[in-house]
Amino acid sequence: MKNLSRRLTLTLALGGALAASAAAFAVAADKDLIVFDWSGYEDASFHPKYVEKNGDSPTFAFFGDEDEAFEKVRSGFKADLGHPCSQSVTKWREAGLLQPLDTSKITGWKDLNPGIMAMKNLATTDDGKAWFMPWDWGNTQLTYNASKIDAKEVQSLKAFADPKFKGRVSIGDNVDDAYALASLAIGLRDWTKMTDDQFKQASDFLRQVHKNVRSYWTDTTDIVQLLSGGEVDLAWAWNDATVQSVKAGVPIKSVKDTNEGISTWVCGYVLFKDAPGNIDKAYDYLNAINDPETAKVLVKDWGYGQANAKGMAGVDQVILKEKGYDDVQKFVDKTLFQSPLPSDLKLKMIAEFEKIKAGY
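If you number the sequence shown the way our numbering does, the last residue is 360 and the count never jumps.
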């Protein structure tokens, strides 16, 4: 679903060679803990208390998207913690890749946002077992260059398919975000109930968008460069694309109140079933990132929310308003939550999106 700004391209081979070669593609530090993550989350400002206690950051290995990560772990790659998002947690759990979390070892577990924790089959299952610690959450949203596009032109997500934006558009090379956009554009907010006819409508919309796409971005570095360099003016992007572009001095704005709404996702950490490292350090890491102080970094510097409600309550109200978290309820009723999809539907989306990107 998502990636952060310091991109590290992975070309790990699958199969037996995968595990042996993994270290070459990792940021090596504390060898007793391997975190399989999106590039950018190795930022030490997210886990200062882990470093304080253990003397160094964990070792990080990186993936580009969750389907890639799933295949690597299933093929033998070994790590202790992983960082999937809401639409993938069920898939990872049902594939037998995870072990339950011992919540008694997670400080602040009871401080996690009640709304997020109430989501069915996300953090916990009906038997009471916990499998996922929600940590970061945010949106995929309409993002535009305010010096080149008038706000009135982009009040609807259908702008992505408007011929006047031909060659000026970028959306993520990411099937989940692409079909979240398409679902919203056709008026669907619960994509788990997508019918065959709605799937066709959504795919047809993406084909119209494809005609306008200059480039499919792969991570925040890509989309910030595209926006900041003036190559594209309209994007379907994550919160931090706006934050990083504004830091670069470009008048990029995001729209949370389009006619059709926005997409919302929640990501967090899981403990792999065959974790090879130090289990106590795994919980040290979960406690470090779940620390309420981390919310200040996550919101201010990256534009994301922290799942720890106490952490969000401690963020300056001015910053919360600036980043769009001062009144979350105002856009919740117009959001598509990227909840787990039926496997057959997800496979259809993957296959169709590849055809669309190839011009078919």
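Note that CB positions come from ideal geometry on N, CA and C, so glycine has one too.
For Pro58 and Asn287, what's the separation of their Cα atoms in angstroms? Taking the sequence shown and counting its residues from 1, one reaches residue 58 at position 58. Taking the sequence shown and counting its residues from 1, one reaches residue 287 at position 287. Spanning the two alpha carbons is a distance of roughly 13 Å.
Taking Cβ positions, are Pro251 and Ser147 nearer each other than 8 Å? For this step, residue 251 is matched to residue 251 along the sequence shown. For this step, residue 147 is matched to residue 147 along the sequence shown. Yes. Within cutoff.
Roughly how far, in whole angstroms, is the beta-carbon of Lys300 from the beta-carbon of Ile319, given that I think they are within contact range, below 8 Å? Here residue 300 refers to the residue found at position 300 when the sequence shown is read from its first residue. Here residue 319 refers to the residue found at position 319 when the sequence shown is read from its first residue. About 5 Å separates the two Cβ atoms, so the contact holds.
Once DSSP output is grouped into helix, strand and coil, what is the label at Asp257? As a working note, residue 257 is residue 257 in the sequence shown. Asp257: coil per DSSP, three-state reduction.
In the structure shown, what three-state DSSP assignment does Ser263 receive? Your numbering for residue 263 matches position 263 in the sequence shown. Ser263: strand per DSSP, three-state reduction.
In whole angstroms, give me the CA-to-CA distance for Ile171 and Leu101. Against the sequence shown, residue 171 aligns to sequence position 171. Against the sequence shown, residue 101 aligns to sequence position 101. Distance between the alpha carbons of Ile171 and Leu101: 35 Å.
Taking its Cβ as the centre, do 16 or more other Cβ atoms sit within 10 Å of Gly128, making it buried, or is it exposed? Counted from its first residue, the sequence shown places residue 128 at position 128. Exposed: under 16 other Cβ atoms inside 10 Å.
According to DSSP, Trp137 sits in a beta bridge with which residue or residues? To locate residue 137, count along the sequence shown from 1; it is residue 137. Its beta-bridge partners are Val266, Gly305.
Between Leu184 and the rest of its own chain, which residues show a CB-CB distance below 6 Å, the 5 nearest in sequence each way excluded? As a working mapping, residue 184 is identified with position 184 in the sequence shown. Correct list, in chain order: Leu157, Glu260, Gly261, Leu336.
Secondary structure of Phe353, DSSP reduced to three states: Indexing the sequence shown from 1 puts residue 353 at position 353. Helix at Phe353.
Validate contact between the region 50-65 and the region 32-41 using beta carbons, cut 8 Å, 3 pairs: yes
Quick one: grab the DSSP three-state call for Ala130. Counting from one through the sequence shown, the residue named residue 130 turns up at place 130. Looking at Ala130 - three-state DSSP - the assignment turns out to be strand.
Quick test of your reading: Ser228 and Ala248, contact by CB under 8 Å. State the CB separation rounded to the nearest angstrom. The residue given as residue 228 occupies position 228 in the sequence shown. The residue given as residue 248 occupies position 248 in the sequence shown. Confirmed, about 5 Å.
Among Leu206, Lys164, Gly108, Met349, which has the Cα closest to the Cα of Asp67? Along the sequence shown, read from residue 1 onward, the residue named residue 67 stands at position 67. Minimum Cα distance to Asp67 is reached at Met349.
If we ignore side chains and look at the alpha-carbon of each, how far apart do Thr11 and Ala69 end up? Indexing the sequence shown from 1 puts residue 11 at position 11. Indexing the sequence shown from 1 puts residue 69 at position 69. Any answer about Thr11 is weak, because its pLDDT of 30 lies below 50 and its placement is not dependable; what the coordinates show is given next. Thr11 and Ala69: Cα-Cα distance of roughly 12 Å.
What is the DSSP secondary structure of Gln87, reduced to helix, strand or coil? Within the sequence shown, the letter at position 87 stands for residue 87. DSSP places Gln87 in coil when its eight states are reduced to three.
Just the C-alpha distance for Phe353 and Ile186, rounded to the nearest angstrom, thanks. The residue given as residue 353 occupies position 353 in the sequence shown. The residue given as residue 186 occupies position 186 in the sequence shown. C-alpha separation (whole angstroms): 17 Å.
Closest to Lys271 by CA distance: which of Leu97, Gly40, Trp217, Ala307 is it? By 1-based counting over the sequence shown, the position of residue 271 is 271. This sequence places Leu at residue 271; Lys is not what is there. Here the closest residue by C-alpha is Leu97.
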